[in-house]
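Count along the sequence shown from 1, then add 128; that gives the number in this note's numbering.
Ideal placement from N, C-alpha and C gives every residue a C-beta, glycine not left out.
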Amino acid sequence: MFTYHNMNIKKYQKESKKTEMKFKNNREKLLFLALGLSEEAGELDHAVKVFLKTKKSREKIKDSLGDILWYIAEFSNNFDWTIEYIASNNRSKLKKRYHEK
């Protein structure tokens, strides 16, 4: 059985493939992923707004972040990238942008 504690990102990305949907073509899949990611970002926005007003919805924020992570994993899988590769690439970009040493 798959457990969710002590999760590492490689295992998460591999496990996310088990829940991917089937599409007629890659264009349809990318459109689904892009729209789904946008929808989840909107849900995160709403959860943060509720949290700022009421200090409630921490669970919804966590759930939305998890859903966003799933979409990131699926985008990465589609292009045969690891999430670690995406994170490393982003880290390098940010170091250059902010002149970090």
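The alpha carbon of residue 161 has as its nearest neighbour, out of 213, 207 and 222, the alpha carbon of 207. Here residue 198 carries a helix assignment [DSSP, helix/strand/coil]. Counting along the chain, the unbroken alpha helix (DSSP H) around residue 182 starts and ends at 154–182.
Annotation: residue 145 is outside any alpha helix (DSSP H) and is labelled neither H nor E by DSSP. Between residue 192 and residue 165, the C-beta spacing is not below 7 angstroms.
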